[in-house]
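K.L.:
Protein chains: 2
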Amino acid sequence: MTTTRIVEVRVGVLKKNDELARALRRRFEEAGVFVVNLVSSPGTGKTAFLERTLSTLVVSGTRVAALVGDLETDNDAQRLARSGAPARQINTHGRCHLEAEMIGAFLDEWDLNELDYLFIENVGNLVCPASYDLGEALRVALLSVTEGEDKPLKYPTMFNSADVAMITKIDLAEACEFDRDAAYAAIDSVRPGMSILEVSAKRGAGMDEWLVLLRERRESWQRVVAGAGRSPRMAP
Amino acid sequence: MTTTRIVEVRVGVLKKNDELARALRRRFEEAGVFVVNLVSSPGTGKTAFLERTLSTLVVSGTRVAALVGDLETDNDAQRLARSGAPARQINTHGRCHLEAEMIGAFLDEWDLNELDYLFIENVGNLVCPASYDLGEALRVALLSVTEGEDKPLKYPTMFNSADVAMITKIDLAEACEFDRDAAYAAIDSVRPGMSILEVSAKRGAGMDEWLVLLRERRESWQRVVAGAGRSPRMAP
Chain C
1 MTTTRIVEVR VGVLKKNDEL ARALRRRFEE AGVFVVNLVS SPGTGKTAFL ERTLSTLVVS
61 GTRVAALVGD LETDNDAQRL ARSGAPARQI NTHGRCHLEA EMIGAFLDEW DLNELDYLFI
121 ENVGNLVCPA SYDLGEALRV ALLSVTEGED KPLKYPTMFN SADVAMITKI DLAEACEFDR
181 DAAYAAIDSV RPGMSILEVS AKRGAGMDEW LVLLRERRES WQRVVAGAGR SPRMAP
Chain X
237 MTTTRIVEVR VGVLKKNDEL ARALRRRFEE AGVFVVNLVS SPGTGKTAFL ERTLSTLVVS
297 GTRVAALVGD LETDNDAQRL ARSGAPARQI NTHGRCHLEA EMIGAFLDEW DLNELDYLFI
357 ENVGNLVCPA SYDLGEALRV ALLSVTEGED KPLKYPTMFN SADVAMITKI DLAEACEFDR
417 DAAYAAIDSV RPGMSILEVS AKRGAGMDEW LVLLRERRES WQRVVAGAGR SPRMAP
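Chains as they are written, first to last, in the numbering used here: chain C, 1 to 236; chain X, 237 to 472.
(1) Alpha carbon to alpha carbon, how far is residue 45/C from residue 52/C?
(2) Would the beta-carbon of residue 278/X fall within 8 Å of that of residue 155/C?
(3) By alpha-carbon positions, which one of 140/C, 219/C, 22/C, 70/C ends up nearest to residue 238/C?
(4) Taking the C-alpha atoms as reference points, what is the distance between residue 191/C and residue 143/C?
(5) Can a CB atom of chain X be found closer than 8 Å to the CB of residue 9/C?
(6) Shorter than 8 Å from the beta carbon of residue 126/C to some beta carbon of chain X?
(7) Note down, in chain order, each residue of its chain lying with its Cβ closer than 6 Å to the Cβ of residue 58/C, except the 5 sequence neighbours on either side.
(8) Which complete alpha helix (DSSP H) runs does the stretch 30 to 117 of chain C hold, if anything under 4 residues is left out?
(9) Determine the burial state of residue 444/X: buried for a count of at least 16 other Cβ atoms within 10 Å of its Cβ, exposed for fewer.
(10) Going by the DSSP bridge assignment, what does residue 402/X pair with across the sheet?
(11) Spell out the partners DSSP gives residue 356/X in its beta bridges.
(12) For residue 184/C, would you say it is in contact with chain X, using Cβ-to-Cβ distances shorter than 8 Å as the test?
(13) Measuring only the C-alpha atoms, how far is residue 472/X from residue 194/C?
(14) At 8 Å on the CB atoms, spell out the chain C contacts of residue 311/X, in chain order.
(15) Any heavy atom of the ligand ADP closer than 7 Å to the beta-carbon of residue 173/C?
(16) Ignore the nearest five residues each way along the sequence and tell me which others in residue 408/X's own chain have a CB closer than 7 Å to its CB.
(17) When you compare each of 349/X, 400/X, 244/X, 316/X to residue 357/X by their alpha carbons, which one comes out closest?
(18) Please name the residue in 369/X, 403/X, 406/X whose C-alpha comes closest to that of residue 397/X.
(19) At which residues does the alpha helix (DSSP H) containing residue 131/C begin and terminate?
(20) Counting only beta-carbon atoms, is residue 278/X nearer than 8 Å to chain C?
(21) State whether the stretch 109 to 125 of chain C contacts the stretch 336 to 350 of chain X, with contact taken as three or more CB pairs (one from each stretch) at a distance under 8 Å.
(22) For residue 31/C, I'd like the list of residues in its chain whose CB is within less than 6 Å of its CB, leaving aside the five on either flank, ordered along the chain.
(23) Do you know how far the Cα of residue 163/C is from the Cα of residue 153/C?
(24) Can you round the beta-carbon distance between residue 313/X and residue 304/X to whole angstroms, since I take them to be within the 8 Å contact cut?
(25) Are any of the Cβ atoms in chain D nearer than 8 Å to that of residue 341/X?
(26) Determine, using beta carbons only, whether residue 424/X comes closer than 8 Å to chain C.
(27) With a CB to CB cut of under 8 Å and the five nearest residues on each side skipped, what residues in its chain are close to residue 205/C?
(28) By DSSP, does residue 155/C sit in helix, in strand, or in coil?
(29) Check whether the Cβ of residue 440/X lies closer than 8 Å to any Cβ atom in chain C.
(30) Could you check where the alpha helix (DSSP H) with residue 419/X kicks off and where it finishes?
(31) Pull up the distance between the alpha-carbon of residue 258/X and that of residue 451/X, whole angstroms please.
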């Protein structure tokens, strides 16, 4: 078994995923559903953040749904369903990331034309999900104040392949002696100019700014899709 | 590219790794060096925990060294070297775990006969490092109080392939509303009877218990190696 062979196989898998993701992206554009892919370490608070996002959007009459990936358990889909939004669990049974094929297989029960937003919560992993396009219009990389400010430097691909960086659990910033300047500098050095938001899903801080950004990104995406038939993430 | 092909390649890589890990394990046993592999999510506090462990052991005259894996940067090797112990950084450049081959390549500068303990800090990832034996005598899976008590249920392989579970950052337990019973139940359900310790590398709580466990495990390993020519991890 040579290294070259392994690399070839990996490239093949990624190429197939890219093709499936392109087809998914066209499908999402035609249906007018804005798809958000949330990526982070395990334990950054993706589920709490998404549950609060879904609850707020449901109350405002926005049509939302969520897919959530984990190796095992349907704990997260159960938590997300408390928001009132439809939520489905994808169990990867050992795989460390979601792939476009899995997303496609789990959409069958939903009419995408009836949705404004679809959120995908990826498997908690700061490495592998970065390489797998899921056809999303927006990729958000979450980083909690408890994790260490240099994570973007150590895991650059996850942050430089994302559109927005979300610093979570800011209610714990003081207890963790979080160094805000160091975290911003680390993010900016791997993806200069990237939008950075701060939230506490527990306390609600920063959620308004997030929902404004989300709406603006969707409107901008709608204009691009209507005008040129392609999504912002596909632009050169 | 079929799924079967991918699985075959993965099995081939793991088989090669297992062979190299067996050779490493023999080498460690012959040199009398007790090797500990630390695995966890990014941001669980492996480096802070290891830095404190190394500092304490160095002060007591114990002969220790450390290897630390990250995709990029040598931040962690620099932090660990502050302990006074020799520390080397392994950059995986995109790979999401350490492999036995990498460990072997980074041991050349050291005389293993001069070491009592070698610590390996794996890449922060709760999935892939579980599948890669590094020839260690003890595998410790860390889980911080900030991450969510159900992580062992969602990432069972990481916990059921480890020998000890270490709950970190317990100084933040109250601020995070950490549910100790739920965390213990989750660990126990994927690996019944597993030793569980709690530490705060920042405050020092639990470090004494950890160092006692470490010494006892090393003594037990020495007896097994001396008696039967094999390590506890290789026992059926």
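Cβ atoms here follow ideal geometry from the backbone N, Cα and C, with glycine treated the same way.
These figures come from a predicted structure and were not determined experimentally.
P.N.:
Once the coordinates are examined:
(1) By 1-based counting over the first sequence, the position of residue 45/C is 45. By 1-based counting over the first sequence, the position of residue 52/C is 52. Taking the straight line joining both Cα atoms gives about 11 Å.
(2) As a first step, residue 278/X must be located in the second sequence, where it is residue number 42. As a first step, residue 155/C must be located in the first sequence, where it is residue number 155. Contact: yes.
(3) As shown, chain C starts at 1 and ends at 236. That puts residue 238/C outside it, with no answer to give.
(4) Counting from one through the first sequence, the residue named residue 191/C turns up at place 191. Counting from one through the first sequence, the residue named residue 143/C turns up at place 143. Rounded to whole angstroms, residue 191/C to residue 143/C spans 14 Å at the Cα level.
(5) Position 9 of the first sequence, counting from 1, holds the residue named residue 9/C. It does; some Cβ of chain X falls within 8 Å.
(6) To locate residue 126/C, count along the first sequence from 1; it is residue 126. At least one chain X Cβ lies under 8 Å of residue 126/C.
(7) The count along the first sequence starts at 1 and reaches residue 58/C at position 58. Result list for residue 58/C: 83, 84, 85, in chain order.
(8) 46 to 59, 75 to 81, 100 to 105
(9) Within the second sequence, residue 444/X is the residue found at index 208, counting from 1. Exposed, by the Cβ-count rule.
(10) As a working note, residue 402/X is residue 166 in the second sequence. Looking at the DSSP assignment, residue 402/X forms a beta bridge with 378/X, 433/X.
(11) Taking the second sequence and counting its residues from 1, the one referred to as residue 356/X is at position 120. Paired residues: 273/X, 303/X.
(12) Numbered from 1 along the first sequence, position 184 holds the residue referred to as residue 184/C. Not closer than 8 Å to any Cβ of chain X, the Cβ of residue 184/C fails to qualify, so no.
(13) The sequence position of residue 472/X within the second sequence is 236, counting from 1. The sequence position of residue 194/C within the first sequence is 194, counting from 1. Note that residue 472/X scores 35 on pLDDT, short of 50, meaning its location in the model is unreliable; the coordinates nonetheless yield the value given after this. If I take the Cα positions, the gap works out to 51 Å.
(14) Within the second sequence, the letter at position 75 stands for residue 311/X. Residues of chain C passing the Cβ test: 150, 153, 154.
(15) This structure lacks the ligand ADP; in fact it carries no ligand of any kind.
(16) Taking the second sequence and counting its residues from 1, the one referred to as residue 408/X is at position 172. Within the same chain, residue 408/X has close Cβ partners 381, 382.
(17) Counted from its first residue, the second sequence places residue 357/X at position 121. Ranking 349/X, 400/X, 244/X, 316/X by Cα distance to residue 357/X puts 316/X first.
(18) Along the second sequence, one-based indexing puts residue 397/X at 161. Nearest of 369/X, 403/X, 406/X to residue 397/X, Cα basis: 369/X.
(19) Start at 1 with the first residue of the first sequence, and residue 131/C comes out as number 131. Note, residue 131/C: premise wrong, no alpha helix (DSSP H); not H, not E.
(20) Here residue 278/X is taken as the residue at index 42 of the second sequence, counted from 1. At least one chain C Cβ lies under 8 Å of residue 278/X.
(21) The stretch 109 to 125 of chain C is not in contact with the stretch 336 to 350 of chain X.
(22) Translated into the one-based positions of the first sequence, residue 31/C becomes position 31. 112, 113, listed in sequence order.
(23) If you number the first sequence from 1, residue 153/C lands on position 153. If you number the first sequence from 1, residue 163/C lands on position 163. If I take the Cα positions, the gap works out to 16 Å.
(24) Position 77 of the second sequence, counted from the first residue, corresponds to residue 313/X. Position 68 of the second sequence, counted from the first residue, corresponds to residue 304/X. That belief holds up - the Cβ atoms of residue 313/X and residue 304/X are roughly 5 Å apart, short of 8 Å.
(25) Although the question refers to chain D, the structure presented lacks it and instead comprises the protein chains C and X.
(26) Locating residue 424/X in the second sequence gives position 188, where the first residue counts as 1. No, its Cβ sits nowhere closer than 8 Å to a Cβ of chain C.
(27) Start at 1 with the first residue of the first sequence, and residue 205/C comes out as number 205. Cβ neighbours of residue 205/C beyond the five flanking positions: 170, 171, 198, 199.
(28) Position 155 of the first sequence, counted from the start, is the residue given in the question as residue 155/C. Residue state, collapsed to three classes: coil.
(29) As a working mapping, residue 440/X is identified with position 204 in the second sequence. Output row for residue 440/X: interface = no.
(30) Residue numbering aside, residue 419/X sits at position 183 when the second sequence is read from its first letter. Here the alpha helix (DSSP H) through residue 419/X covers 416 to 426.
(31) Taking the second sequence and counting its residues from 1, the one referred to as residue 258/X is at position 22. Taking the second sequence and counting its residues from 1, the one referred to as residue 451/X is at position 215. In a straight line, the C-alpha of residue 258/X is about 23 Å away from that of residue 451/X.
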